[in-house]
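Visitor: Have a look at this one.
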Amino acid sequence: MAPEVQIFGQGIQRGLTQWQALQPHLISWLFDRPDSLGFQNDSNRAPSPWKLWSQHSQGFPQGLFQTLSTDGAIEDWIARQPINSNDWLELTITLQRLQQGLIAWATTQIYSNKLMAKFLSSLYVGFAGTWILLSRGVGSGMNVLSRDMFAQTAMRSGLQVLRLFAQQPFFRSMGT
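Each residue of the sequence shown is one higher than the one before, counting from 83 in the working numbering.
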């Protein structure tokens, strides 16, 4: 097997393993304080999914979740990481699965249209923002080709999330 294929296979496997570890904790953070909802880290508001997810992940995704749980700067964190293709694939699969899982859950479980629109908006904007900040800070210690590839991939992922958000039926009624 070619080394590149083996590297990609390892990254995909690690991402799927992370997802399997996080899946049981996908929504449990929502029920820690049922009186509030959202991604804020304010102790008076909803609990953070990032802190919970950092406790049930490892490696590269865990570092991102720890940074997010402490309101750290994503750009600074990612710029210091010795990132490689394995790490990037692992993070991509993990974040996309979390995003897809939360959105799928919200669209089938939240029966108030207004609450669902608010929660889904928070999800879309939160994940898009995470991807875009990752694209802005991708490691200065990398070679230019890898840095540009990872930055473009992250930016495209963020834009794709925003595109999906704009296609939602509730998007047109936002701000009214």
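For glycine and all other residues, C-beta sits at the position ideal for the given N, C-alpha and C.
1. From the DSSP output, in three-state form, read off Q144 for me.
2. Determine whether the beta carbon atoms of N168 and Q92 lie at a separation below 8 Å.
3. Determine, using beta carbons only, whether W159 and T149 come nearer to each other than 8 Å.
4. Where do the N-terminal and C-terminal ends of the alpha helix (DSSP H) with L184 fall, by residue?
5. Can you give me the start and stop residues for the alpha helix (DSSP H) that L108 sits inside?
6. Out of curiosity, what's the CA-to-CA distance linking Q95 and W101?
7. Give me the Cα-Cα distance between G240 and H138, rounded to the nearest whole angstrom.
8. If you follow the alpha helix (DSSP H) that Q234 is part of, which residue opens it and which one closes it?
9. Rounded to a whole number of angstroms, what is the C-alpha to C-alpha distance between G211 and F201?
10. Quick one: grab the DSSP three-state call for A155.
Guide: Quick answer:
1. As a first step, residue 144 must be located in the sequence shown, where it is residue number 62. In the structure shown, Q144 sits in a helix (DSSP, three-state: H, G or I).
2. Position 86 of the sequence shown, counted from the start, is the residue given in the question as residue 168. Position 10 of the sequence shown, counted from the start, is the residue given in the question as residue 92. Cβ atoms of N168 and Q92: closer than 8 Å.
3. Position 77 of the sequence shown holds residue 159. Position 67 of the sequence shown holds residue 149. Yes, the Cβ-Cβ distance between W159 and T149 is below 8 Å.
4. Taking the sequence shown and counting its residues from 1, the one referred to as residue 184 is at position 102. Segment S167 to Q191, the alpha helix (DSSP H) holding L184.
5. By one-based count along the sequence shown, residue 108 stands at place 26. Segment: none, L108 is in no alpha helix (DSSP H) and carries neither H nor E.
6. Counting from 1 along the sequence shown, the entry for residue 95 is found at position 13. Counting from 1 along the sequence shown, the entry for residue 101 is found at position 19. About 10 Å.
7. Within the sequence shown, numbered from 1, the residue matching residue 240 stands at position 158. Within the sequence shown, numbered from 1, the residue matching residue 138 stands at position 56. Distance between the alpha carbons of G240 and H138: 24 Å.
8. The sequence position of residue 234 within the sequence shown is 152, counting from 1. Note, Q234: alpha helix (DSSP H), V226 to A248.
9. Here residue 211 corresponds to residue number 129 of the sequence shown, with the count starting at 1. Here residue 201 corresponds to residue number 119 of the sequence shown, with the count starting at 1. The alpha-carbon atoms of G211 and F201 are separated by roughly 15 Å.
10. Locating residue 155 in the sequence shown gives position 73, counting from the first residue. Correct three-state label for A155: coil.
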